[in-house]
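Sequential numbering from 9 applies to the sequence shown in this note's numbering.
Built from N, CA and C at the ideal position, the CB exists for glycine as well.
Worksheet: one structure, shown below.
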Amino acid sequence: MKIKDIFAQKTVFSFEVFPPKSTSSVDVIYRTLDELGDLNPDFISVTYSAGGSGNSSLSLDIAEKIKSMGITPVLHLPCINYTREQIDKTLTEAKSRGIENILALRGDINPDIPPAKDFRYASDLITYIKSKGDFDIAGACYPEGHLEAKNLDKDIENLKIKVDSGADHLITQLFFDNEYFYNFRDKAAKVGINVPIEAGIMPVVKKQQIERMVTTCGASLPHKFVKIMQKYEHNPDALRDAGIAYAINQIVDLLASNVDGIHLYTMNNAYVARKISEAVAGIISV
Ligand code: FAD
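As structure tokens, this is what we get:
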């Protein structure tokens with residue numbers, strides 16, 4: 009099923025997983041997928057390494073496994089370090105496995121890997137995928153602006169190019185303060201971006217997640233979030249429960265504000281995804 013058709017029917021609720029670094033953990037991710045599948049998400053997306061690290065062919069295997077469970081998979085596809093031929097190969101492989109939804113990305117620039125030069129921006133990849141067949145295409149967006157962009161307005165100007173190139177819907181970078189999302193959504197609407205925008209929510213349930221998230225994506229940490237993290241950082245169970253509660257609060261507020269969808273960065277943690285899904289199940293379709 010194409011994701012844009014799901015958006016046409018309902019508020020979308022989806023999960024994101026990533027392939028394990030080592031193939032020895034494949035059984036673990038497959039067990040996690042079984043548990044996530046029981047929660048009946050509208051789709052599960054699978055990250056894909058921009059090159060250098062990770063196991064990209066495993067992303068295709070995981071997407072295929074999701075499909076075999078009767079759930080719609082979305083394959084992330086970064087382009088900056090891949091040639092046109094490599095992208096072609098992945099798209100052909102995806103199509104042959106029945107994967108029809110792609111999250112088209114540029115990928116982070118790795119100073120140790122020179123870009124492959126065929127694609128500079130995600131919008132270049134979107135134009136290319138459009139020319140290659142009948143894929144549903146998602147794009148990434150940034151409620152606080154992408155780290156490389158001069159400011160949010162400039163980033164949204166560039167996002168408009170991405171949407172005009174053929175992105176059917178967007179998924180946001182994680183954020184901890186919903187006001188950034190609402191401000192971004194208003195600005196996007198003003199420049200004529202009218203595709204569905206799913207809010208990316210990351211439940212922070214482990215201490216190590218906090219710093220990593222901020223340094224890699226630049227999300228602002230609101231005072232109430234910092235207070236919670238500081239209070240419980242030395243108590244893993246309390247931190248986990250507080251992180252889940254914080255994410256649920258964010259989601260309830262977003263749903264009350266008519267968000268198009270919620271994309272949960274599960275970090276391959278089925279327990280956390282279950283707690284959140286159960287808490288919002290009764291209100292997601294109201
Ligand atoms: P782009 O849309 O190309 O934007 C990159 C920068 O270029 C921005 O600053 C933008 O303002 C600017 N720009 C864009 N178009 C133009 C233009 N035409 N002219 C001038 N400037 C322009 N990375 C992975 O490697 N694998 C993954 O699986 C993955 N999954 C992700 C999932 C989500 C939901 C999100 C939000 C991010 C994900 N990323 C992933 C990270 C992503 O690759 C990085 O954030 C990357 O730095 C930017 O990717 P993009 O597709 O948004 O790039």
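Which whole-angstrom value describes the C-beta separation of serine 79 and isoleucine 52, a residue pair presumed to lie in contact below a C-beta threshold of 8 Å? Position check: residue 79 holds isoleucine in this sequence, whereas serine was assumed. 6 Å between Cβ atoms; contact.
Shortest alpha-carbon distance to valine 267 belongs to which of Cys225, Lys235, Ile209? Ile209
I'd like the span of the alpha helix (DSSP H) that includes leucine 99, first residue to last. 92-104
Helix, strand or coil for serine 265? Go by DSSP, reduced to three states. coil
In chain order, what residues of the same chain have a beta carbon less than 7 Å from the beta carbon of isoleucine 169, not counting five sequence neighbours either side? Ser131
Proximity of glycine 147 and alanine 175 at Cβ, strictly below 7 Å: yes
Compute the distance between the beta-carbons of alanine 227 and phenylalanine 183, then report whether it is under 7 Å. Contact flag set, yes.
Which residues neighbour the ligand FAD when neighbourhood means a C-beta less than 5 Å away from any of its non-hydrogen atoms? List them by chain order. Thr55, Tyr56, Ala58, His84, Pro86, Leu113, Arg114, Gly115, Asp116, Tyr129, Ala130, Ala148, His154, Glu156, Ala157, Asp163, Asn166, Ile169, Ile179, Gln181
Measure how close the beta-carbons of phenylalanine 113 and proline 86 come, nearest whole angstrom, since I'm counting them as under 8 Å. Note on residue identity: the sequence assigns leucine, not phenylalanine, to residue 113. Going by Cβ atoms, the distance from leucine 113 to proline 86 rounds to 4 Å, so yes, they are a contact pair.
With aspartate 194 as the anchor, note down where its alpha helix (DSSP H) starts and where it stops. Aspartate 194 -> alpha helix (DSSP H) spans 186-198.
Alanine 287 versus valine 294: straight-line alpha-carbon distance, rounded: In this structure, the CA atom of alanine 287 is about 14 Å from the CA atom of valine 294.
Between Thr223, Leu66, Ala71, which lies nearest to glycine 45 when the distance is taken from Cα to Cα? Here the closest residue by C-alpha is Ala71.
Who are the near neighbours of arginine 105 in its chain, counting only those whose CB is closer than 8 Å to its CB and skipping five residues on each side? Leu68, Ala71, Glu72, Lys75
On the CB-based measure, 16 or more other CB atoms within 10 Å of its CB, does tyrosine 56 come out buried or exposed? buried
Sequence-distant residues of its chain with Cβ nearer than 7 Å to isoleucine 236 (five each side left out): Ala250, Tyr254
How would you label histidine 271, buried or exposed, when you count the other beta carbons within 10 angstroms and need 16 or more for buried? In summary, histidine 271 is buried, with 16 or more beta-carbon neighbours lying within 10 Å of its beta-carbon over all protein chains present.
Would you check if the distance between the CB atom of phenylalanine 26 and the CB atom of proline 49 is smaller than 7 Å? no
Among Gly290, Gly59, His231, whose alpha-carbon lies nearest the alpha-carbon of glutamine 94? The shortest C-alpha separation from glutamine 94 is found at Gly59.
Given this structure, state the Cα-to-Cα distance separating alanine 265 from asparagine 186, to the nearest angstrom. First, the amino acid is wrong: residue 265 is serine here, not alanine. Going by the C-alpha atoms only, they are around 10 Å apart.
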